[in-house]
Every structure is written in C-alpha cells, then in structure tokens.
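A short write-up of the structure that comes next.
There are 2 protein chains.
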Amino acid sequence: MNIGIVGLGLIGASFGKSLKKLTDNKVYGFDINPDVLLKAELVGAIDEPLNETKVADLDLLVISVYPRAFKEVAKNYLSKMKDGAILMDFCGIKRGIEEDMKELSLTYPHVSFIGAHPMAGREFSGIDRSISTLFEKATCVVVPVKADIFTLERVRDLFLSVGFSEAVFSTAYRHDEIIAFTSQLCHIVSNAFIKSPMASSHFGFSAGSYRDLTRVARLNPTMWTELMMDNRDLLKNELDGLIARLLEYSKALGSGDEQKLYDLLKEGSDLKISIDKGKIR
Amino acid sequence: MNIGIVGLGLIGASFGKSLKKLTDNKVYGFDINPDVLLKAELVGAIDEPLNETKVADLDLLVISVYPRAFKEVAKNYLSKMKDGAILMDFCGIKRGIEEDMKELSLTYPHVSFIGAHPMAGREFSGIDRSISTLFEKATCVVVPVKADIFTLERVRDLFLSVGFSEAVFSTAYRHDEIIAFTSQLCHIVSNAFIKSPMASSHFGFSAGSYRDLTRVARLNPTMWTELMMDNRDLLKNELDGLIARLLEYSKALGSGDEQKLYDLLKEGSDLKISIDKGKIR
Chain A
1 MNIGIVGLGL IGASFGKSLK KLTDNKVYGF DINPDVLLKA ELVGAIDEPL NETKVADLDL
61 LVISVYPRAF KEVAKNYLSK MKDGAILMDF CGIKRGIEED MKELSLTYPH VSFIGAHPMA
121 GREFSGIDRS ISTLFEKATC VVVPVKADIF TLERVRDLFL SVGFSEAVFS TAYRHDEIIA
181 FTSQLCHIVS NAFIKSPMAS SHFGFSAGSY RDLTRVARLN PTMWTELMMD NRDLLKNELD
241 GLIARLLEYS KALGSGDEQK LYDLLKEGSD LKISIDKGKI R
Chain B
1 MNIGIVGLGL IGASFGKSLK KLTDNKVYGF DINPDVLLKA ELVGAIDEPL NETKVADLDL
61 LVISVYPRAF KEVAKNYLSK MKDGAILMDF CGIKRGIEED MKELSLTYPH VSFIGAHPMA
121 GREFSGIDRS ISTLFEKATC VVVPVKADIF TLERVRDLFL SVGFSEAVFS TAYRHDEIIA
181 FTSQLCHIVS NAFIKSPMAS SHFGFSAGSY RDLTRVARLN PTMWTELMMD NRDLLKNELD
241 GLIARLLEYS KALGSGDEQK LYDLLKEGSD LKISIDKGKI R
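Structure follows, in structure tokens:
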C-alpha cells in the first residue's frame, strides 16, 4: 500500500517507523512544522514527503493530529484522494471525529472513513521520542464510520503487521466512555497526585508505587486539554465517581473505622485480581 | 554476622534470600506458620531455624511482622539477646515502632534499637513471591531509636551489601509523613481507581497508564489496614489534599473552563519534570 501520514508527532512518526521497519508499504508523510518533516525523513519515519501529486496514489491516509484540527486537515486531502482510498484518524477521542467523518463522507463518498486509536503511548511527545516498537503487543481500537468489511480487514491486517496484537472494533461512544477511565482519568489522577507538598521529598522514601502513580503526571497539556474537554461529560462522570470512592476511604480513616477500611481495601484488591484473571469482562 | 529474621513473608524472606546470595552472614529464621518456616529452608531464604539457643549468638535480629505484633514478638527474644546485639524492625510505619522500642530499651538496655523500612515491595505477598533481587537499587529508610554511630554504620553497610543503593536516615515522624504520600496514598488511589464500573471493560482499550495506575490495587488488606490506620492522621491529610486537587479538575471540566484545565495540567506536568530532575528537593 501507499500510506500517507499527516502529523509526525510521537504516534504518527512511530507508526511511520514501524511501517518502514516491518512492512513493504511505502510511507509518505507531512507535518506542519518543516523541521519535523525534515527530521522524519532523516530518522526513517517516512520514505518521502507527501506532496500534492502523491496524494492521488495513496491507498490510506492517516491523520494523526489534535482532534479539533482533524476536519480542516482532512479537507485538504480528500478531494485529491482516489476512489476506494481510506481516510483514518489516530486521535484519542472518537465521538467528535465520527461526526466530522460522517459530514465529510457526504461530500467525499468515494473514500472510506475509519477512526482508530492505537492503545500505546509514552509520557513524552514529539518525533524525537518516536520508536518503531511502540505498538508491539498493543491493541488498536477501530471505530468504523463508513467502510465495508473488506476495507476493515485490510486495516486490521495492517495493524497486525506493525506489531499490534489485535484490532478491537467499537462504537465511538463506547470508546470514549472506556477511554475516559483507562486513559484520561489516569492522567488527571497522576497529574493531581504529584502536587502533594510531600512530592519533592520523595527521594529515598519511594519505590515502585510512587513511580507508577506519577509516571503520566508528565503530559502535553495542550493536547490533553483538548482531548479531555471534548470528552468532558464522560470524563467528569468518571472523575466524580473516583472522588466519591476516595471519600469513603477518607471517612473510614477519619472515624477510625478499621472494619470499613478493611472492607474497602479488600473489595478493591479482590476486584483487581478478578479483572486480571479476566473473570469479569 | 549472625542474623535472625522473624516473620518470613515477602520482605523477611527476600531479605534472607539476598543475605544468603550476596553475603557471608549466617541467616536464622522463624515464622509463626510452620509451613512457611519449612519452606524458607527449602527455598534458601534461611540457613537454619532460629531456636532459643541460637538467639544468644545473634548480632542482629530483624523483626519483619505487622506493626502491632512487633512489641510482643520482640519481647520473646530480647532477654536472650547478647550485649551489643541489634534489634531492628522492617514494618512500613515508624512512629508506633519508635514508641515500642523506646519502652523496650528501658528494660533491655543491652541491645541497640533501629527501625528500618526497605523501600521495595511487590503487589504480591508471602514467601512464595520473595526474591533475592527485591532490594536492588532500592533505598532503605533507617530510623535510629537507640544506637551509636558505629552500629548505624554496620547496619548501613549491611543494607548496601544486599543491593540497597542507600540508607536514608530519618526521624519516625518524617518517615511516616512522606510514606503516607509515596506509598499509602498510592495504594488507596489504585484500590479506589479499579472500582470504576468501566474497569471490567478495559480489555483492548487500555495501555500503560491503566496498567500503572491499577498495579497496586492488589494488596494484602489485613496488613494495609493496620499500616494505614496507625498512620491515619497523616494519611487522611494526604488523601484529603488529593481529593481537593481532583475537585479542581472536576470543576474545570464541569464548567468547560478550558484555560483552567490547561493551567492545572501544565502545573502538574511542570512539577513532575522539575521533581524528576531533582531541582526541587
């Protein structure tokens, strides 16, 4: 396939690197920042810059930009894309993208539209942190907006070819609902956790649990503000649920209710064990 | 040295294994559970069971039991210990232990008393999960209660010999205050986090941040109830601080205040970067 990638940040550039390392697909790329585009060629994230004439040859165009930029970026390419080509996006929320894609598909019915969210990331951003192994054993959530089953199979096979363990098909709402918990809430908790007055004293007094809890406190605030704000109904629901649960522990501590604290801790621990065993799915 | 270890759980047995693997010290052990004691010999966590006659030969006795059991267990051994021997405990909170040790030192002035907390752990407990590499590159917090500088040097050297990177000396209060944040709060957050109704749906929709945030949701509820309850003043303070901070994010999401959410995220991210660089100490 001829594959274009627009937006060569951590995810876009890692996807390019993994495609070039593990497949025979030809990879064209573009980034709004000319330095990043130049670097992408130098570090082997793309074969060539994606110019106007190349767009017509693409079988797949991946748009890996912030969610609110998606529609305008897509419009720049859609009219030049060939019949049967696939337009895919890679951002971390999907309801807005689905709306955008539905709207665009009315004007550009010759193209397939698929939302995707690679379940992989790092606490760093940008092409300098991109790695070809980022997607190894990760899943990719796929939200089909306008695509037939053969197109979805091609996309799934492509994901498997760069190391993903599985393509998980989902609706946009279900994706956003689960991701509010599995990803967005983690980032808020970690980010709020590190603000304890004790944090700067942790040296020598911390181990794995501190390291794990604070890892994603570091984030790209511009991108995450957009992701979180555009999912704020579901995210606030998750966050308020967590706050309510934390208040139960606080109450048990405050009143010295040992049995209650034990019950709370045991419930969480048992649940974690069950979930890890895949008993509750 | 002749070293005794009472309580052959994850920490006690790992300490025994690391002593036997990395040093020439002789390791005697005891556990209230005869099966565990037998297993400790079989898996190489101790050289021999610690019997009454051996206690008199010990240079160091490590008591690695739940905090509330410490005093009674210590009393079983102290009168038999030789002049200049060291009694050390390994539990996760230190103010209560310090009180116990001060009291015991009046009756048993011939022994040195030192509190210690190895900053290492796993989300599993028990001798079956013990490993000789548990303390590699970890720090050990040392709370001297009654010990001269030469004794403290011996203890520090012993910790370094089994792989610890550093012995960090602290007061009991300072230890409990920092640990409330770096360890206890992590466990509560993780334990409460996993109770989201979304948790059982995470398969395929999660990656590193979910994995890290939920790792220590699994815990030994009996032990942690005791550790947390006996540190509840400081822990509740940390927990309520976190809840207050999380409410700020919730408020920004609820009101759609994008600038505020950005400011909150950036503040946390900048702080994490600074702390990791060790700029704020």
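Protein sequence lines correspond, in order, to chains A and B.
Its first residue numbered 1, the first sequence is counted upward by one per residue in this note's numbering.
Its first residue numbered 1, the second sequence is counted upward by one per residue in this note's numbering.
We put the CB at the ideal spot given by N, CA and C, even for glycine.
Query                                                                                                                                                                                                          : Result
For Asn231 (chain A), count the other beta carbons within 10 Å of its own beta carbon; 16 or more makes it buried, fewer makes it exposed. Which is it?                                                        : buried
If we cut at 9 Å on Cβ distances, does Arg181 (chain A) have a partner in chain B?                                                                                                                             : The sequence as given places Phe at residue 181 (chain A); Arg does not occur at that position. At least one chain B Cβ lies under 9 Å of Phe181 (chain A).
Return no unless some Cβ of chain A is closer than 9 Å to the Cβ of Tyr173 (chain B).                                                                                                                          : no
Am I right that Leu87 (chain B) and Ser125 (chain B) are in contact with their C-beta atoms under 8 Å? What's the rounded C-beta distance?                                                                     : Not really, about 24 Å apart at Cβ, beyond 8 Å.
Using a cut-off of 8 Å between C-beta atoms, extract the partners of Arg154 (chain A) located in chain B.                                                                                                      : Neighbours of Arg154 (chain A) on chain B: none; closest Cβ ~20 Å, over 8 Å.
Using a C-beta cutoff of 9 Å, does Phe205 (chain A) count as contacting chain B?                                                                                                                               : yes
Using only CA atoms, which one of A:Gly121, A:Phe150, A:Asp233, A:Ala138 lies nearest to Leu160 (chain A)?                                                                                                     : A:Ala138
So, is Glu238 (chain A) buried or exposed, given that buried needs 16 or more other C-beta atoms within 10 angstroms?                                                                                          : buried
Can you pull the chain A neighbours of Pro67 (chain B), defined as C-beta to C-beta under 7 Å?                                                                                                                 : Ordered by position in chain A, no residue passes the 7 Å Cβ test against Pro67 (chain B), which lies about 13 Å from the chain.
Quick one: what's got a C-beta closer than 8 Å to Ile194 (chain A)'s C-beta in the same chain, skipping five residues either side?                                                                             : Thr214, Ala217
Is Gly278 (chain B) close to chain E? Criterion is C-beta to C-beta, closer than 9 Å.                                                                                                                          : The structure shown has no chain E; the protein chains it does contain are A and B.
Kindly list, in the order they appear in chain B, the residues whose Cβ is closer than 7 Å to that of Pro221 (chain A).                                                                                        : Tyr262, Leu265, Lys266, Ser269
Which residues in the same chain as Ile273 (chain B) place their Cβ atom closer than 8 Å to its Cβ, once the five residues preceding and following it in sequence are excluded?                                : none
Would you please verify whether the beta carbon of Ser18 (chain B) is less than 9 Å from any beta carbon of chain A?                                                                                           : no
State the start and end residues of the unbroken alpha helix (DSSP H) segment that holds Leu264 (chain A).                                                                                                     : 258 to 276
Roughly how many angstroms lie between the CA atoms of Leu68 (chain A) and Glu226 (chain A), to the nearest whole one?                                                                                         : Checking the sequence, you will find Arg at residue 68 (chain A) rather than Leu. Each residue's Cα considered, the two are about 8 Å apart.
Quick one: what's Tyr28 (chain B) bridged to in DSSP?                                                                                                                                                          : B:Gly4, B:Glu48
Are Leu104 (chain A) and Met81 (chain A) closer than 9 Å when you measure CB to CB?                                                                                                                            : no
Look up Glu166 (chain B) in the DSSP assignment and give the residues it is bridged to.                                                                                                                        : B:Thr139
Using 9 Å as the limit for Cβ to Cβ distance, is Met198 (chain A) near chain B?                                                                                                                                : yes
How long is the line joining the alpha carbons of Leu271 (chain A) and Arg122 (chain B), rounded to whole angstroms?                                                                                           : 18 Å
Could you tell me whether the region 18 to 33 of chain B touches the region 249 to 267 of chain A, where touching means 3 or more Cβ pairs closer than 8 Å?                                                    : no
Verify the CB distance criterion: does Met88 (chain A) have a CB-CB separation below 9 Å to chain B?                                                                                                           : no
Which residue's Cα is closest to the Cα of Cys91 (chain B): B:Gly4, B:Ser209, B:Tyr108, B:Gly9?                                                                                                                : B:Gly9
Could you tell me which uninterrupted alpha helix (DSSP H) segments, each at least 4 residues in length, are contained entirely in the region 75 to 133 of chain B, listed from first to last along the chain? : 95 to 107
Who are the Cβ neighbours of Ile188 (chain A) in its own chain at under 7 Å, not counting the five residues just before and after it?                                                                          : Leu239
Hey, is Val143 (chain B)'s beta-carbon within less than 9 Å of any beta-carbon in chain A?                                                                                                                     : no
From Asp157 (chain B) to Val145 (chain B), what does the alpha carbon distance come to, in whole angstroms?                                                                                                    : 18 Å
With distances taken between CB atoms, is the gap from Met119 (chain B) to Gln184 (chain B) smaller than 9 Å?                                                                                                  : no
Starting from Val62 (chain A), trace the alpha helix (DSSP H) both ways and give me its first and last residue.                                                                                                : Element bounds for Val62 (chain A): not the alpha helix (DSSP H) but the beta strand (DSSP E), 60 to 63.
Please list the partners that Phe159 (chain B) has in chain A, where partner means a Cβ-to-Cβ separation under 9 Å.                                                                                            : Result: empty, since nearest Cβ-Cβ is about 12 Å, beyond 9 Å.
Going by the CB atoms, is the gap between Ile3 (chain B) and Leu38 (chain B) shorter than 9 Å?                                                                                                                 : no
Along chain A, in chain order, which residues have C-beta atoms closer than 8 Å to that of Ala217 (chain B)?                                                                                                   : Gly268, Ser269, Leu271, Lys272
Between the C-alpha atoms of Leu234 (chain B) and Leu235 (chain A), what's the straight-line distance to the nearest angstrom?                                                                                 : 30 Å
Could you tell me which of B:Asn25, B:Pro49, B:Gly278 sits nearest to Asp35 (chain B), measuring between CA atoms?                                                                                             : B:Pro49
Using a C-beta to C-beta distance shorter than 8 Å, which residues of chain A count as neighbours of Leu253 (chain B)?                                                                                         : Met228, Met229, Arg232, Leu235, Lys236, Leu239
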